[in-house]
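In our numbering, the protein residues as written are 23 to 179. Here a beta-carbon is modelled for each residue, glycine too, at the ideal position from N, C-alpha and C. Worksheet: one structure, shown below.
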C-alpha cells in the first residue's frame with residue numbers, strides 16, 4: 023500500500039489537511055488512505071458499511087466514471103472472475119455502471135451526495151460537509167444511512 027505521510031490538525035471529525043495552529047494538536051496521517059478506510063479503522067463505520075462503500079467504489083472504477091485525462095491503452099479483453107466472468111471489457115463496464123446507478127438510487131437523492139463525495143471522489147467528511155453547506159458533524163450520520171442502504175442493495179450483512 024502506498025504511503026503519503028503529512029502533518030495535519032486533529033479535530034473531532036478527524037484530521038483536517040491544514041497546518042496546525044499554535045496550541046492545536048497535530049497528527050501524522052497517511053493521505054493515501056481513503057476517507058472510508060479512515061472512518062472504518064476508527065470504529066465510525068461497521069464492517070458491512072465499509073464493504074458496501076468499497077463495492078460502490080469498485081463499481082465506480084470498473085465503470086470508468088471518473089474523468090479521463092489521456093489515451094486508454096488497456097487490453098481489449100481481460101480475464102475476470104466473479105459476476106462479470108465471461109464478459110468483454112465493454113460489457114463489464116456496462117454491468118458495473120448499472121450496479122453503480124442502482125446502488126446510488128438505493129441510497130436516495132438526499133443521501134447520495136455525501137456518499138459520492140466521500141466514497142468515489144475521496145473527499146473527507148469535513149470537506150464534503152462544507153461543499154454541501156451542511157452543519158459540521160452531520161455528514162457522518164448521513165453517510166452511515168447511505169451506506170446502510172447501499173449494503174442492502176449489494177446484499178451485504
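Segment limits, alpha helix (DSSP H) that includes residue i
i           : result
residue 179 : No alpha helix (DSSP H) contains residue 179, which DSSP labels as neither H nor E.
residue 82  : 69-84
residue 150 : 147-153
residue 57  : 57-63
residue 3   : Beyond the ends of the chain as shown, which are 23 and 179, falls residue 3; an answer cannot be given.
Backbone CA spacing between residue i and residue j [nearest angstrom]
i           : j           : result
residue 153 : residue 25  : 27 Å
residue 45  : residue 148 : 21 Å
residue 48  : residue 115 : 42 Å
residue 174 : residue 126 : 12 Å
residue 74  : residue 84  : 15 Å
residue 117 : residue 177 : 17 Å
residue 113 : residue 123 : 15 Å
residue 142 : residue 81  : 10 Å
residue 167 : residue 160 : 11 Å
residue 68  : residue 111 : 33 Å
residue 136 : residue 43  : 28 Å
residue 88  : residue 119 : 12 Å
Neighbourhood of residue i by C-beta, 7 Å cutoff - its chain only, sequence neighbours within 5 removed
i           : result
residue 62  : 72
residue 130 : 171
residue 139 : 145, 150, 153
residue 70  : 173, 178, 179
Beta carbon proximity, residue i to chain C, threshold 8 Å
i           : result
residue 135 : Among the protein chains of the structure shown there is no chain C, as only one such chain exists.
Close beta carbons around residue i, own chain, < 6 Å, minus the five adjacent residues each side
i           : result
residue 169 : 71, 74, 75
residue 78  : 125, 141, 172
Own chain, CB closer than 8 Å to residue i, minus 5 neighbours either side, in chain order
i          : result
residue 58 : 67, 72, 75, 76, 79, 140, 141
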